[in-house]
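Peer 1:
Residue numbers (my numbering): 2 to 195.
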């Protein structure tokens, strides 16, 4: 008799150029917590990988890429059960390299497809989605609307989790640590809950 064993595999995308800064430290802690809980984590640092965020005309018309980095990301995404994005909020939005990842990886045929009448059909309904955004100052950005109002619904990524860790420059280090610890556990619980 065969027994099905469910293995959670998260594709984690980080998008910050400073590999020694807060975003990477946060990503390291998230990865460690997930792995301690038995979750397989496939992490991509878009800056370290030198991911090219520019969608070419050829890719747009072909609705696909021959770029090895893009093809690797598509394969990682297809073999995952969840997508976790960690990025700063710059000018209220994800960094350009993160937006370029969306443009080049989640093309028609990967993230969604068009049926007759140009009605989009989501193709990633098997994925949970989580986004953790960091922002130095308190305030509102457009990242939540970008991910939860546009990208995730178009691709069928659900359920979805979104949090902003903001006001970091105004907090004492122990306050930042407390908020980070709570968010890590909240995110872990969301991702492992069936």
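Note that the Cβ used here is the ideal one computed from N, Cα and C, for glycine as well.
Drop a sphere of 10 angstroms on the beta-carbon of residue 29, count the other beta-carbons inside from all chains shown, and report buried for 16 or more, exposed for fewer.
Peer 2: With fewer than 16 other Cβ atoms within 10 Å, it is exposed.
Peer 1: Nearest-angstrom Cα distance between residue 6 and residue 172?
Peer 2: Unreliable placement is indicated for residue 6, whose pLDDT of 48 sits below 50; no coordinate value is reported for it.
Peer 1: Which runs of the beta strand (DSSP E), 3 residues or longer, sit entirely within the region 63-122?
Peer 2: The qualifying runs are 83-89, 113-115.
Peer 1: Would residue 22 be called buried (16 or more neighbouring beta carbons within 10 Å of its own) or exposed?
Peer 2: The residue in question, residue 22, is exposed, as its Cβ has fewer than 16 Cβ neighbours within 10 Å.
Peer 1: From the DSSP output, read off the bridge partner residues of residue 163.
Peer 2: Note: residue 163 sits in a beta bridge opposite 132.
Peer 1: Within 10 angstroms of its Cβ, does residue 101 collect 16 or more other Cβ (buried), or is it exposed?
Peer 2: It counts as buried.
Peer 1: Please report the distance separating the alpha-carbon of residue 85 from that of residue 121.
Peer 2: Their backbone Cα atoms lie some 23 Å apart in a straight line.
Peer 1: So is residue 66 buried or exposed if we call it buried at 16+ other beta carbons inside 10 Å?
Peer 2: Under this definition residue 66 is a buried residue.
Peer 1: From what residue to what residue does the beta strand (DSSP E) around residue 41 run?
Peer 2: Segment 41-46, the beta strand (DSSP E) holding residue 41.
Peer 1: Quick one: using the 10 Å Cβ neighbour count with 16 as the cut-off for buried, is residue 127 buried or exposed?
Peer 2: Residue 127 comes out exposed.
Peer 1: Taking the CB atoms as reference points, tell me whether residue 43 and residue 72 lie closer together than 8 Å.
Peer 2: Contact: no.
Peer 1: Kindly indicate which residue of 147, 18, 164, 58 has the alpha-carbon position closest to the one of residue 131.
Peer 2: Among 147, 18, 164, 58, the Cα nearest to that of residue 131 belongs to 164.
Peer 1: Quick check: what's the CA-CA separation for residue 157 versus residue 110?
Peer 2: If I take the Cα positions, the gap works out to 13 Å.
Peer 1: Please name the residue in 62, 149, 170 whose C-alpha comes closest to that of residue 160.
Peer 2: Cα-wise, what sits closest to residue 160 is 149.
Peer 1: For residue 139, which residues of its own chain have a beta-carbon under 6 Å away from its beta-carbon, when the five flanking residues on both sides are left out?
Peer 2: Cβ within range, chain order: 167, 168.
Peer 1: From residue 116 to residue 125, what does the alpha carbon distance come to, in whole angstroms?
Peer 2: Cα-Cα distance, rounded: 15 Å.
Peer 1: Do you know offhand how far residue 180's Cα is from residue 187's?
Peer 2: Distance between the alpha carbons of residue 180 and residue 187 is about 11 Å.
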